DNA sequence: ATGACGGCAAAATGCCGA
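Numbering (our numbering), first residue to last: 6 to 275.
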């Protein structure tokens with residue numbers, strides 16, 4: 006079985022490229038992030054014609070996560086228990102209430118529990134979004150710990166855009182990111198806590214750095230200059246990790262006009 | 001200090017992204 010995660014940066018704009026990539030790389034399950042559409046706007050019919058069932062959550066033009074599978078989709082869960090909301094929009098209404106954004110969806114596909122995750126960006130260190138990001142990760146880690154405690158043999162993949170570069174090797178210039186999000190000690194500790202919980206990066210052993218990136222800014226010729234960031238990850242539970250035979254980052258997919266700013270990351274299971 | 005690119009919408013400017 007081959008599974009992948011990909012921040013597609015709008016599924017409606019990227020549909021042809023995504024379907025072509027799934028076909029060319031023989032992908033069974035794809036976790037998508039930043040679909041940037043509501044459920045009723047998601048091109049589910051085109052995925053069905055290609056042989057994939059899809060589950061998606063999108064409540065507006067922002068965020069949006071989905072899982073496409075041709076090996077079945079069972080036990081769908083939208084958002085993890087206790088998933089923190091963000092109240093920027095709610096603050097403008099008469100009755101403030103945090104909105105649980107479309108950033109997490111899970112499904113069981115051929116016995117593997119897959120989470121498609123779009124971790125909040127953080128924006129800047131002084132922005133409420135940064136605290137939201139850390140809180141979001143803290144609750145997710147606690148949940149993940151309980152999933153594993155409930156079944157130590159569970160095959161679980163936490164796949165998505167984590168919006169954290171775990172080490173200085175994972176950004177083209179640590180100096181450039183000094184004082185910005187994605188590389189702070191707090192974010193890195195939040196990320197490393199998943200490994201301490203038993204969820205390890207299953208792709209890194211096959212894509213050693215430095216210079217192994219999954220994201221390149223559209224501006225400043227970042228891709229052409231090989232100036233990127235490694236922020237998209239598949240973290241596997243022990244039972245999932247034991248099945249991994251190969252993995253990679255398809256930087257070829259970042260080339261050409263109409264590419265997402267993120268490359269797909271894939272994993273081959275035995 | 002800002003913009004570049006690129007996507008979206010209560011669209012021709014603002015919000016968001018990393």
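The beta-carbon is built from N, C-alpha and C at its ideal position, and this holds for glycine as well.
Bear in mind that the values here come from a model prediction, so they are computed numbers and not experimental data.
Checklist entry - First and last residue of the beta strand (DSSP E) that includes residue 238? => result Taking the first chain and counting its residues from 1, one reaches residue 238 at position 233. Here the beta strand (DSSP E) through residue 238 covers 237 to 241.
Next on the checklist: Between 208, 25, 17, which has its C-alpha nearest residue 236's C-alpha?
Outcome noted: Indexing the first chain from 1 puts residue 236 at position 231. The residue among 208, 25, 17 with its C-alpha nearest the C-alpha of residue 236 is 208.
Checklist entry - Got a sec? Which residues, its chain only, sit under 6 Å from residue 262 by beta carbon, not counting five neighbours each side? => result Counting from one through the first chain, the residue named residue 262 turns up at place 257. Nothing meets the Cβ criterion.
Checklist entry - Taking the C-alpha atoms as reference points, what is the distance between residue 97 and residue 35? => result For the purposes of this step, residue 97 is taken as the residue at position 92 of the first chain. For the purposes of this step, residue 35 is taken as the residue at position 30 of the first chain. Residue placement at residue 97 cannot be trusted, given a pLDDT of 48 that sits under 50; what the coordinates show is reported in the next sentence. Each residue's alpha carbon lies about 36 Å from the other.
Checklist entry - By Cβ distance below 6 Å, which residues in the same chain neighbour residue 15 in space, the five residues on each side in sequence not counted? => result Residue numbering aside, residue 15 sits at position 10 when the first chain is read from its first letter. If you ignore the 5 residues before and after residue 15, its C-beta comes within less than 6 Å of the C-beta of 41, all in its own chain and listed in chain order.
Checklist entry - What did DSSP end up calling residue 120 once you bin it into helix, strand or coil? => result Walking along the first chain from the start, residue 120 turns up at place 115. In the displayed model, residue 120 falls within a strand according to three-state DSSP.
Next on the checklist: For residue 268 and residue 22, what's the separation of their Cα atoms in angstroms?
Outcome noted: Taking the first residue of the first chain as position 1, residue 268 is located at position 263. Taking the first residue of the first chain as position 1, residue 22 is located at position 17. The straight-line gap from Cα to Cα measures roughly 12 Å.
Item to check | Identity of the residues DSSP links to residue 177 by a beta bridge | outcome: Walking along the first chain from the start, residue 177 turns up at place 172. According to DSSP, which records beta bridges pairwise, residue 177 is partnered with nothing at all.
Item to check | Length of the line joining the Cα atoms of residue 274 and residue 30 | outcome: On the first chain, residue 274 is found 269 positions in, with the first residue counted as 1. On the first chain, residue 30 is found 25 positions in, with the first residue counted as 1. Straight-line Cα distance between these residues: approximately 14 Å.
Checklist entry - Where residue 245 and residue 110 are concerned, what is the direct C-alpha to C-alpha distance, given to the nearest angstrom? => result In the first chain, residue 245 corresponds to position 240, counting from 1. In the first chain, residue 110 corresponds to position 105, counting from 1. Using only the alpha carbons, I get a separation of about 18 Å.
Checklist entry - Between the Cα of residue 196 and the Cα atoms of 231, 272, 167, which residue gives the shortest distance? => result As a working note, residue 196 is residue 191 in the first chain. If we check each option's Cα against that of residue 196, 167 comes out closest.
Checklist entry - Shortest alpha-carbon distance to residue 72 belongs to which of 12, 266, 134, 176? => result As a working note, residue 72 is residue 67 in the first chain. Per the Cα distances, 12.
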